[in-house]
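Participant: Residue numbers (the working numbering): 1219 to 1276.
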Amino acid sequence: MCEPTPARDISELRSLLGAFNEAKKTAGLTIVRLLVTGLGLALLAGALVKLKLFGGGQ
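Written out as structure tokens, the structure is:
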């Protein structure tokens, strides 16, 4: 059997940490994208209501 060496363990831990950091970055960018898209849609809906194209108004 092949026993893991400390150097190999450290290499695997660094790889795992790199993958974790990449996942955090991607999750953060996804959250920001969702918030910006939601804000844009809310502004668009508000403009359509204000222009009386999408119900509401008087």
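For every residue, glycine included, the Cβ atom is placed at its ideal position computed from N, Cα and C.
(1) In this structure, does DSSP put Leu1266 in helix, strand or coil?
(2) Using the Cα positions of Lys1270 and Ala1241, report the straight-line distance between them to the nearest angstrom.
(3) How big is the Cα-Cα spacing for Val1250 and Glu1221?
(4) Any idea what DSSP makes of Pro1224, helix, strand or coil?
Facilitator: Quick look at the numbers:
(1) helix
(2) Distance between the alpha carbons of Lys1270 and Ala1241 is about 43 Å.
(3) 44 Å
(4) It is helical.
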